[in-house]
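Beneath this line is the structure, given in structure tokens, with notes to follow.
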Amino acid sequence: MEVDQQHFWHELLPILKAISTASFVTVDVEMSGISTKSRYSPGGRFNETGKPSLQQQYEDTKEAAERYQVLQIGLTCVEEDWKNGVYTARPYNFNINPLLEDGDKLDIYRDITLSSSSMHFLRKNCFDIGAVFTKGISYISRKEQAQARQAFIDRQNRNSTIPDIEISPGDQATLNFYRNARKQLLDWTDPRNKAEREAMAFYNVAVPGGLSGYQRRLVYQLVRTEFKEYRAFLPRKNADFVQVEKMDSAKEAKIAASKIVTNEAQLSKQVGFRYIFEALAGGDLSNIGPNWFCVGPTGESAFIDTSLKKLELSSLTKTLAAKSRVLVGHNLFTDLIFLYHTFIGNLPPTVTEFQQKIHALFPMVIDTKYMATRKTLIDSRQSSSLQDLHQDLKSQRIPQICLPEEFRSYQNRHLLHEAGYDSYLTAQIFLKLAAKLDVSVPNHNDATHAVDPFELSTGSADSTSSDDDGGGVLLNPPPDAPHSANRFQILSEPSPVKKKARQASLLDSDIEDDMTGSPPLGQDGTASVLANAARGNDFVPPLTAPFWRVYANKLRVYGTMDEVCELDGDGAGEVAHSN
Numbered sequence: 000m001e002v003d004q005q006h007f008w009h010e011l012l013p014i015l016k017a018i019s020t021a022s023f024v025t026v027d028v029e030m031s032g033i034s035t036k037s038r039y040s041p042g043g044r045f046n047e048t049g050k051p052s053l054q055q056q057y058e059d060t061k062e063a064a065e066r067y068q069v070l071q072i073g074l075t076c077v078e079e080d081w082k083n084g085v086y087t088a089r090p091y092n093f094n095i096n097p098l099l100e101d102g103d104k105l106d107i108y109r110d111i112t113l114s115s116s117s118m119h120f121l122r123k124n125c126f127d128i129g130a131v132f133t134k135g136i137s138y139i140s141r142k143e144q145a146q147a148r149q150a151f152i153d154r155q156n157r158n159s160t161i162p163d164i165e166i167s168p169g170d171q172a173t174l175n176f177y178r179n180a181r182k183q184l185l186d187w188t189d190p191r192n193k194a195e196r197e198a199m200a201f202y203n204v205a206v207p208g209g210l211s212g213y214q215r216r217l218v219y220q221l222v223r224t225e226f227k228e229y230r231a232f233l234p235r236k237n238a239d240f241v242q243v244e245k246m247d248s249a250k251e252a253k254i255a256a257s258k259i260v261t262n263e264a265q266l267s268k269q270v271g272f273r274y275i276f277e278a279l280a281g282g283d284l285s286n287i288g289p290n291w292f293c294v295g296p297t298g299e300s301a302f303i304d305t306s307l308k309k310l311e312l313s314s315l316t317k318t319l320a321a322k323s324r325v326l327v328g329h330n331l332f333t334d335l336i337f338l339y340h341t342f343i344g345n346l347p348p349t350v351t352e353f354q355q356k357i358h359a360l361f362p363m364v365i366d367t368k369y370m371a372t373r374k375t376l377i378d379s380r381q382s383s384s385l386q387d388l389h390q391d392l393k394s395q396r397i398p399q400i401c402l403p404e405e406f407r408s409y410q411n412r413h414l415l416h417e418a419g420y421d422s423y424l425t426a427q428i429f430l431k432l433a434a435k436l437d438v439s440v441p442n443h444n445d446a447t448h449a450v451d452p453f454e455l456s457t458g459s460a461d462s463t464s465s466d467d468d469g470g471g472v473l474l475n476p477p478p479d480a481p482h483s484a485n486r487f488q489i490l491s492e493p494s495p496v497k498k499k500a501r502q503a504s505l506l507d508s509d510i511e512d513d514m515t516g517s518p519p520l521g522q523d524g525t526a527s528v529l530a531n532a533a534r535g536n537d538f539v540p541p542l543t544a545p546f547w548r549v550y551a552n553k554l555r556v557y558g559t560m561d562e563v564c565e566l567d568g569d570g571a572g573e574v575a576h577s578n
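If you read the sequence shown in numbering that gives the first Met the number 0, its first letter stands for residue 0, the second for the next number, and so on.
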């Protein structure tokens, strides 16, 4: 599903709900540049004789994240459908706009940088850079939000401490203006004119053609220094005169409070796409305004019961805050660095600190590139790129992945390097890799049985995993789900019963099949044949299983001495808590 700025607020609640019910979420990021150094430049890696350390690679990527921008983010929310024995995937594609409509007003300024090589690469892959700036969703980071809030406070305080302008004796025009304004105010505030002043509670200082900015500042100064019982202000936006009225402490306090509320509301809405990041990271969603959802599918204003939206948002917020957070990606090291800088703020100076901060945000991160390359899962002559892994796993039919009708834009279209599409490929690869790797774990009932997990369509290896787990069950099984120690004994084809049931009721997960639609998952009021045929062995190991300790929180970083970035720091991935 393509979500742009026009549809964002209409779709935000359904997206938050999809995240809240997902067993895991896959992510992919497209950037305006990924390196600040040419490989062949004097300081480029091509001229070095040895591999860089993980710290050096982190510093290089950190520098790129600080210079370039995230242009597109893809998310696929994957939920287990226990009844039908399938995974339901909801892929989203978001263009991310680095421009801010109210950035100047909020004192937020950004430099936008495009790498020519990255732009050339994206253009070759039909990436629409124009859509980023015309349809993309804006955002501010946590750091930018805090800075904008402080800038507002500083502006309010500065209004009472602005230094006085010293008018040059030779500047006759300015002196005449100042003296004339002073005389007008003296006449208006004269006690003898009390009745007139009470009848007209304010006085407008104006000149033909309107006041200049310099003249307005002089009027403010005049009132502040000589008419301290009064206040000067602009009565409306772009007014070309200054209004003066009697000071009212209660009214002043109310105005100040109103300005704070208005500024905070502006800031909260400018958070934009970061609300989705916060949902993924267990962050704060409390500032989302229920009235923001009063828009139709095409962005037009719509009457919506905000009280119901408020209740729904409150429920989702609680669910997301308590949820086990599982983030999956392919070659995630660079993506996570860019995401942190884009939505959090300053990157820490060391990779160790970065590992700790990412682990706090995302307790369980799984890199499919690491899964595929931990041991020689693929032939050494082959690539571990996203598209190549998908091709290698193409013949594997389980686990099954189903796309709801409104999420089938990638069903028959191949859009490599569109972030939403790549996140969907990542979801397929993750599930198929997990299934293939899991068959190497000895069955509790038959410890001698083992299936080679590394025998793919075009390569093989002789390594197996020694980790034991509870079997191919739900990532987050329901309390009444029967436990099963069954394995994926045959990964290339499901059993005839299951195959017939799937063909009758489901869209095959292979996106390259030329199928135009997916039948419903089950008929109303009837039990799905698939549900009865596929319980217990159609899902990858639960996230509480020891199986995941081998793969969780380890990022593949090829080209470095370490080759792996361990996020939890103790050499073993943290097992997620079940909900």
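We put the CB at the ideal spot given by N, CA and C, even for glycine.
E244 bridges to which residues according to DSSP?
-> F201 and R230
Cβ-based burial, P190 [other Cβ within 10 Å; buried from 16] | exposed
Assuming I357 and L566 form a contact by the criterion Cβ under 8 Å, report the distance between their Cβ atoms to the nearest whole angstrom.
-> Going by Cβ atoms, the distance from I357 to L566 rounds to 6 Å, so yes, they are a contact pair.
Using beta-carbon positions only, say whether N96 and G135 come within less than 7 Å of one another.
-> Yes, the pair counts as a contact, with Cβ atoms nearer than the cut-off.
Output the residue ranges of the alpha helix (DSSP H) runs that lie fully inside the segment 248–291 and measure 4 residues or longer, sorted by chain position.
-> Restricted to the segment 248–291, the alpha helix (DSSP H) segments that are unbroken, complete and at least 4 residues in length are 248–269 and 273–280, listed in chain order.
Under 7 Å Cβ to Cβ from S508, same chain only, skipping five residues before and after it: list those, please.
-> With a pLDDT of 40 at S508, under the threshold of 50, the modelled position of that residue is not reliable, and no figure is offered here.
With DSSP run on the structure shown, which of helix, strand or coil describes P545?
-> helix
With a CB to CB cut of under 8 Å and the five nearest residues on each side skipped, what residues in its chain are close to Y219?
-> I161, A231 and V241
List the endpoints of the continuous beta strand (DSSP E) containing I72.
-> Counting along the chain, the beta strand (DSSP E) containing I72 begins and ends at V69 to D80.
If you follow the alpha helix (DSSP H) that I128 is part of, which residue opens it and which one closes it?
-> I128 to K134
How long is the line joining the alpha carbons of T112 and S267, rounded to whole angstroms?
-> 26 Å
Taking contact to mean at least 3 C-beta pairs separated by less than 8 Å, is the segment 248–267 in contact with the segment 143–156?
-> yes
Can you check DSSP and say which residues form a bridge with I400?
-> Y86
Excluding the 5 residues preceding and the 5 following P296 in the sequence, name in chain order all residues of the same chain whose CB lies nearer than 8 Å to its CB.
-> H6 and H9
Assigned secondary structure, Y91 (DSSP; H/G/I helix, E/B strand, else coil) = Secondary structure at Y91: strand, using DSSP grouped into helix, strand and coil.
Return the first residue and the last residue of the alpha helix (DSSP H) that I18 is part of.
-> Q4 to T20
Following the continuous alpha helix (DSSP H) through R216, name the residue where it begins and the one where it ends.
-> G212 to E225
Cβ of T305 versus every heavy atom of the ligand SAM: is any distance shorter than 6 Å?
-> Only the bare structure without any ligand can be found here, which leaves the ligand SAM out of the picture.
Through-space distance from L70 to Q4, alpha-carbon basis | 13 Å
Buried or exposed by the 16-neighbour rule on C-beta atoms within 10 Å, applied to H119 = A residue is called buried when at least 16 other Cβ atoms come within 10 angstroms of its Cβ; H119 does not meet this threshold and is exposed.
In DSSP terms, what I370 is bridged to = Looking at the sequence shown, residue 370 is not Ile but Met. The partner list for M370 (beta bridge, DSSP) is empty, contrary to what the question assumes.
Delimiting residues of the beta strand (DSSP E) encompassing D27 = Where D27 is concerned, the enclosing beta strand (DSSP E) stretches over F23 to M30.
Nearest residue (CA-CA) to G344, options N237, K308, L12 and R141 = R141
Classify E352 as helix, strand or coil using the three-state DSSP reduction.
-> helix
Are G419 and P51 touching if we call contact CB-CB under 7 Å?
-> no
Tell me whether N175 is buried or exposed, calling it buried when 16 or more other Cβ atoms sit within 10 Å of its Cβ.
-> A residue is called buried once 16 or more other Cβ atoms fall within 10 Å of its Cβ, and N175, having fewer, is exposed.
Name the two residues that bound the continuous alpha helix (DSSP H) containing E311.
-> T305 to A321
Count the other CB atoms within 10 Å of the CB of I152; is the residue buried (16 or more) or exposed (fewer)?
-> exposed
So, are the CB atoms of A371 and L319 less than 7 Å apart?
-> no
Would the beta-carbon of P289 fall within 7 Å of that of K317?
-> Not a contact, by the Cβ cut-off of 7 Å.
Secondary structure at S114, three-state DSSP: helix, strand or coil?
-> In the three-state reduction of the DSSP assignment, S114 falls in the coil class.
In terms of alpha-carbon separation, which member of R181, I72, Y67 and V327 lies closest to V28?
-> I72
R412 to S422 span [Cα, whole Å] | 14 Å
Considering only residues of the same chain and omitting the five flanking positions on each side of E311, which have a CB-CB separation below 7 Å?
-> L12
Consult DSSP for I139 and reduce its assignment to one of helix, strand or coil.
-> coil
Can you tell me which of the three DSSP states L554 falls into?
-> Note: L554 maps to strand in three-state DSSP.
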